[in-house]
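Q:
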Amino acid sequence: MFESWIETFRLYRRERFPLRIFALVAVVLTLAAFVEGIPHDWFEVLLSWMASVLLLLQFRIWDDLGDRNHDAAHHPDRVLSRCHRVSAFYLLLAFIGLSNWIVLLLLGHSTIPFLLVCAAASFWYTHVDGALRRGIAGRHVLLLKYPVFVWLIAPSHPPELISSMAIVYLSGAIYELLHDREIRSRPQARLLVAIEVCALGGIAAVVLRVLGESL
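Structure below.
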């Protein structure tokens, strides 16, 4: 039984969390968190990257568990959709959450913000209607997790971090609108993409100007 669940987790990870993609996303989030420069302590950099990977994995599993009923109807071929019992996935979710808590402690960060984010996610997936979560507004709320991850792993929180978080959020939102066919087909999605591209360009221009003045 244990070996079968290990194989199920392996198949799920390969399907829903390909490392060739998410390892790079974790690098981007980690670099976004180091707005004051990359630390000389490479162990801290490695731990921060590990925290990014674990946060991405934890919330990917949480999101898939929250959408399991919808996916069973629309994506019946997915590993999680074909599982008759998902209790082991909830145990895995708890284990990864505990691992995140430990890594944040090793980094010397307060774990209270992480616990608050977990509480907010728990409310989101248990009390907010699935149709609302999957709509354009709901997707944009969910995408807030990425800048929050940047905040959680950042060694400090200077004002410049807000710009970094905004760039991460807008980049994720633009990708989501262009990547998801269901969302992309809606007329308002095109307007949102245009607005978000303009906002991203504006922030990038300000950042480049500030960098130019500081050189």
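So the sequence shown is residues 267 to 481, counted in the numbering used here. Backbone N, C-alpha and C define an ideal beta-carbon position, used for all residues, glycine too. If you're wondering where the values come from, they're calculated on a predicted model, not measured in any experiment.
Going by Cα to Cα distance, which pick from Leu285, Arg282 and Thr296 is closest to Val434?
A: Looking at the Cα atoms, Thr296 is the closest of the given residues.
Q: Specify, as a first and last residue, the run of the alpha helix (DSSP H) that Ala339 falls within.
A: Here the alpha helix (DSSP H) through Ala339 covers Arg334 to His340.
Q: For Pro424 versus Glu302, is the C-beta spacing smaller than 9 Å?
A: For Pro424 and Glu302, yes; Cβs fall inside 9 Å.
Q: Going by DSSP, what residue range makes up the alpha helix (DSSP H) through Ala296?
A: Reading off the sequence, residue 296 comes out as Thr, not Ala. Start and end: Leu285 to Ala299.
Q: Determine the extent of the alpha helix (DSSP H) in which Cys384 is found, giving its start and end residues.
A: Here the alpha helix (DSSP H) through Cys384 covers Ile378 to His393.
Q: Under 9 Å between the Cβ atoms of Glu310 and Leu373?
A: In contact: Glu310 and Leu373 (Cβ atoms closer than 9 Å).
Q: With distance defined between alpha-carbon atoms, name the residue in Val394, Ser429, Glu462 and Ile428 nearest to Tyr257.
A: The first residue shown for the chain is 267 and the last is 481, placing residue 257 beyond what the model contains.
Q: Measuring CB to CB, does Arg400 end up less than 9 Å from Tyr391?
A: No.
Q: Should Trp328 be labelled buried (16 or more other beta-carbon atoms within 10 Å of its own) or exposed?
A: So Trp328 counts as buried.
Q: Could you give the DSSP three-state label for Arg400: helix, strand or coil?
A: DSSP places Arg400 in helix when its eight states are reduced to three.
Q: Quick check on this structure: which residue in Ser437, Gly332 and Leu436 has the alpha carbon closest to the alpha carbon of Tyr356?
A: Comparing Cα-Cα distances from Tyr356 to each of Ser437, Gly332 and Leu436, the minimum goes to Gly332.
Q: Tell me whether Phe300 is buried or exposed, calling it buried when 16 or more other Cβ atoms sit within 10 Å of its Cβ.
A: Counting Cβ neighbours within 10 Å, Phe300 comes out buried, since at least 16 surround it.
Q: Please state if the CB of Ser270 and the CB of Ala292 are separated by a distance shorter than 9 Å.
A: Contact flag unset, no.
Q: Three Cβ pairs or more, each shorter than 8 Å: is that satisfied between the segment 443 to 457 and the segment 410 to 421?
A: No, the segment 443 to 457 is not in contact with the segment 410 to 421.
Q: Can you list, in chain order, the residues of its chain with a C-beta nearer than 6 Å to that of Gly416? Leave out the 5 residues immediately preceding and following it.
A: Correcting the residue type first, residue 416 is Val in the shown sequence and not Gly. If we look at Val416 and ignore the five residues flanking it on each side, its Cβ neighbours are Leu295, Ala298, Ala299, Met431 and Val434.
Q: Looking at His406 and Ala354, is the spacing between their C-beta atoms short of 9 Å?
A: No; because the gap between Cβ atoms is not below 9 Å, this pair is not in contact.
Q: Per DSSP, what kind of secondary structure is Leu331 in: helix, strand or coil?
A: Here Leu331 sits in helix by DSSP.
Q: Which residue's Cα is closest to the Cα of Gln324: His306, Ala338 and Ser388?
A: When each option's Cα is compared against that of Gln324, the closest is Ser388.
Q: At the level of alpha carbons, what is the spacing between His393 and Arg475?
A: Going by the C-alpha atoms only, they are around 44 Å apart.
Q: Arg447 and Val345 - do their beta-carbons sit closer together than 9 Å?
A: Not a contact, by the Cβ cut-off of 9 Å.
Q: Taking the continuous alpha helix (DSSP H) assigned at His445, which residues delimit it?
A: Run containing His445: Glu426 to His445, per the alpha helix (DSSP H) assignment.
Q: Quick one: Cα of Cys384 to Cα of Gly363, how far?
A: Using only the alpha carbons, I get a separation of about 8 Å.
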